[in-house]
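Q:
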Amino acid sequence: MDSVSPLDVLSTTKVCVYFEGVKAVDEVDLEVPRGRITGLIGPNGAGKSTLFNAVSGFVPLTAGTVHCGAQDISGWSPTRIAQLGLVRTFQETRIFKRLTILENVELGSMGSGLSGVKARKAAGDALELLGVSHLSDELAANVALGDERRAGIARAVATEPDFLLLDEPAAGLDDDETAALSGTIVAIRDALGCGVLLVEHDMSVIFAICEEIHVMDSGRTIAVGSPEQIRTNPSVIEAYFGREHS
Ligand SMILES: Nc1ncnc2c1ncn2[C@@H]1O[C@H](COP(=O)(O)OP(=O)(O)OP(=O)(O)O)[C@@H](O)[C@H]1O
Ligand SMILES: [Mg+2]
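In terms of the working numbering, the sequence shown opens at residue 1 and continues consecutively.
#1: Assuming the contact rule is C-beta atoms closer than 8 Å, Leu130 and Ala154 should be a hit. Round their C-beta distance to whole Å, please.
#2: Can you list, in chain order, the residues of its chain whose CB lies under 6 Å from that of Leu166, leaving out five sequence neighbours each side?
#3: Tell me the rounded alpha-carbon separation between Gly35 and Thr100.
#4: Just to confirm my understanding: we take Phe208, look at its own chain, exclude 5 residues before and 5 after, and list those with CB closer than 7 Å. What are they?
#5: Examine ligand 1 and report whether any of its heavy atoms sits within less than 7 Å of the Cβ of Ser328.
#6: From what residue to what residue does the alpha helix (DSSP H) around Pro33 run?
#7: Output the distance between the C-alpha atoms of Val236 and Val15, rounded to the nearest integer angstrom.
#8: Taking its Cβ as the centre, do 16 or more other Cβ atoms sit within 10 Å of His214, making it buried, or is it exposed?
#9: Quick check: the region 45-64 against the region 76-91, are there 3 or more CB pairs under 8 Å?
#10: Do you know offhand how far Ala239's Cα is from Gly116's?
#11: Report all residues from its chain with a CB closer than 7 Å to the CB of Leu145; omit the five preceding and five following residues, and keep chain order.
#12: Would you kindly report the start and end of the unbroken beta strand (DSSP E) that includes Asp217?
#13: Return the CA-CA distance between Gly124 and Ser133, expressed in angstroms with no decimal places.
#14: Closer than 7 Å by C-beta to Glu168: which residues in its own chain qualify, once you throw out the five before and the five after it? Chain order, please.
#15: Please state whether DSSP places Gly85 in a helix, a strand or coil.
#16: Mind listing, in chain order, the residues whose beta carbon lies closer than 6 Å to a non-hydrogen atom of ligand 1?
#17: So for His245, helix, strand or coil by DSSP?
#18: Output the distance between the C-alpha atoms of Ser218 and Lys121, rounded to the nearest integer angstrom.
#19: Considering Cα atoms alone, identify which of Ser112, Thr221 and Glu106 is closest to Lys48.
#20: Taking the alpha-carbon of Pro161 as reference, which of Met110, Arg94 and Asn104 has the nearest alpha-carbon?
#21: Helix, strand or coil for His201 per DSSP?
#22: Using alpha carbons as the reference points, say which of Pro33, Val32, Ala24 and Ala63 lies closest to Asn44.
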C-alpha cells in the first residue's frame with residue numbers, strides 16, 4: 001500500500017462528546033486514511049455511533065477537533081460536511097418510499113452539487129457498483145430490504161465521496177447478502193479511492209475487509225491495529241469478545 005499524505009486523512013483529535021452524566025466519547029484520536037477501510041468496533045454503548053455522529057456533524061463536539069485533510073471541520077453542519085466529501089449512511093435506511101430507486105440515488109448525487117447529466121451518470125454508476133441497477137425504475141416501497149439497503153449505500157456512493165462512513169451496512173442482511181456486501185465495500189473503495197469508516201457488528205465483515213481496526217469501550221479507545229493485532233489483543237478480548245461470548 002502506498003503511503004498516504006497527511007492531506008488524505010480524516011482525523012479526530014481528542015474528540016469528546018459528553019451527554020448529561022455520560023462520557024459517550026472521551027478523548028478519541030481516530031485516523032481514516034483515503035484508500036483504506038478502517039473498522040470501528042466495540043461493545044454496545046462503547047460510543048461508536050456517537051463518534052460517527054460527531055465526525056459527520058450530527059452531534060456537537062464537547063471538546064477536540066475533526067479534520068478532513070487539512071480542513072478543520074469541527075462544528076460544521078452535516079450538509080456542509082457532505083458537500084466537502086464526507087458522506088455517511090444510517091443504520092435505518094432513510095429512503096424515500098414513493099420515489100424510484102434511481103430517483104433516490106440521484107438525490108445523493110444532486111445533493112453533492114453535481115449537475116443534471118453528471119448527477120444521472122454518478123447515480124447510474126453507483127447503482128451498478130451496488131448491483132441494483134436492474135431495480136432503477138422500481139418504487140423504493142416495492143424492493144426487498146437487502147436491495148433497499150444497497151440503494152441507501154448507492155445514494156452515498158453517488159456523491160463520489162472522499163470519505164464514506166457506513167453505519168452497520170450488514171444489519172438486516174442474510175449470510176449470502178452479507179458476504180456479497182463485503183466484496184461490494186471493497187469495490188466501492190477501489191472505484192472511488194475513498195477512505196471507508198465501517199461500524200459493523202458482524203465480525204466476519206470487519207475481519208475480512210478492514211486494513212485497520214479501531215476499538216472503543218466506554219467512550220475510550222482501547223486498541224488500534226491490524227485485524228491480526230486486534231484479534232489477539234488481550235484488552236479487546238476482555239472488553240469485547242469476552243463479554244460477547246460469556
Ligand atoms: N443523545 C444521547 N443522550 C444521552 N446519552 C446518549 C445519547 N446518545 C448516546 N448516549 C449514550 O452514550 C453512550 C454511547 O452510545 P453509542 O450509541 O454511541 O454507543 P454504540 O457504541 O454505538 O453502541 P451500539 O453498539 O449499541 O450501537 C451510551 O451510554 C448511550 O446511552
Ligand atoms: Mg451504535
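Even for Gly, the Cβ is constructed at its ideal location relative to N, Cα and C. Bear in mind that the values here come from a model prediction, so they are computed numbers and not experimental data.
A: A quick look at the data gives this:
#1: Here residue 130 refers to the residue found at position 130 of the sequence shown. Here residue 154 refers to the residue found at position 154 of the sequence shown. Going by Cβ atoms, the distance from Leu130 to Ala154 rounds to 4 Å, so yes, they are a contact pair.
#2: Position 166 of the sequence shown holds residue 166. Correct list, in chain order: Thr89 and Leu198.
#3: Position 35 of the sequence shown holds residue 35. Position 100 of the sequence shown holds residue 100. Near 31 Å, if we compare the C-alpha coordinates of Thr100 and Gly35.
#4: Position 208 of the sequence shown holds residue 208. Looking at the sequence shown, residue 208 is not Phe but Ala. If we look at Ala208 and ignore the five residues flanking it on each side, its Cβ neighbours are Ser182.
#5: Lying before the first or after the last residue shown, residue 328 is absent from the chain, which here runs from 1 to 246.
#6: Against the sequence shown, residue 33 aligns to sequence position 33. Pro33 -> not in any alpha helix (DSSP H); beta strand (DSSP E) instead, spanning Val22 to Pro33.
#7: Translated into the one-based positions of the sequence shown, residue 236 becomes position 236. Translated into the one-based positions of the sequence shown, residue 15 becomes position 15. Each residue's alpha carbon lies about 21 Å from the other.
#8: By one-based count along the sequence shown, residue 214 stands at place 214. His214 comes out buried.
#9: yes
#10: Stepping through the sequence shown from its first residue, residue 239 is reached at position 239. Stepping through the sequence shown from its first residue, residue 116 is reached at position 116. Spanning the two alpha carbons is a distance of roughly 49 Å.
#11: Position 145 of the sequence shown, counting from 1, holds the residue named residue 145. Correct list, in chain order: Gly172.
#12: Walking along the sequence shown from the start, residue 217 turns up at place 217. Per DSSP, Asp217 belongs to the beta strand (DSSP E) from Glu212 to Asp217.
#13: What you label residue 124 is simply residue 124 of the sequence shown in a count that begins at 1. What you label residue 133 is simply residue 133 of the sequence shown in a count that begins at 1. Spanning the two alpha carbons is a distance of roughly 7 Å.
#14: Sequence index remark: in the sequence shown, residue 168 carries index 168 (1-based). So the qualifying residues of the chain are Gln91, Val199, Glu200 and His201.
#15: Position 85 of the sequence shown, counted from the start, is the residue given in the question as residue 85. Note: Gly85 maps to coil in three-state DSSP.
#16: Phe19, Val22, Ala24, Gly42, Asn44, Gly45, Ala46, Gly47, Lys48, Ser49 and Thr50
#17: Taking the sequence shown and counting its residues from 1, the one referred to as residue 245 is at position 245. The predicted position of His245 is uncertain, since its pLDDT is 47 and thus under 50; no value can be drawn from it.
#18: On the sequence shown, position 218 is the one that residue 218 refers to. On the sequence shown, position 121 is the one that residue 121 refers to. Near 43 Å, if we compare the C-alpha coordinates of Lys121 and Ser218.
#19: Taking the first residue of the sequence shown as position 1, residue 48 is located at position 48. For Lys48, the nearest C-alpha among the options comes from Thr221.
#20: Taking the first residue of the sequence shown as position 1, residue 161 is located at position 161. Of Met110, Arg94 and Asn104, the residue nearest in Cα terms is Met110.
#21: If you number the sequence shown from 1, residue 201 lands on position 201. Coil.
#22: Against the sequence shown, residue 44 aligns to sequence position 44. Of the listed residues, the one whose Cα sits closest to Asn44 is Ala24.
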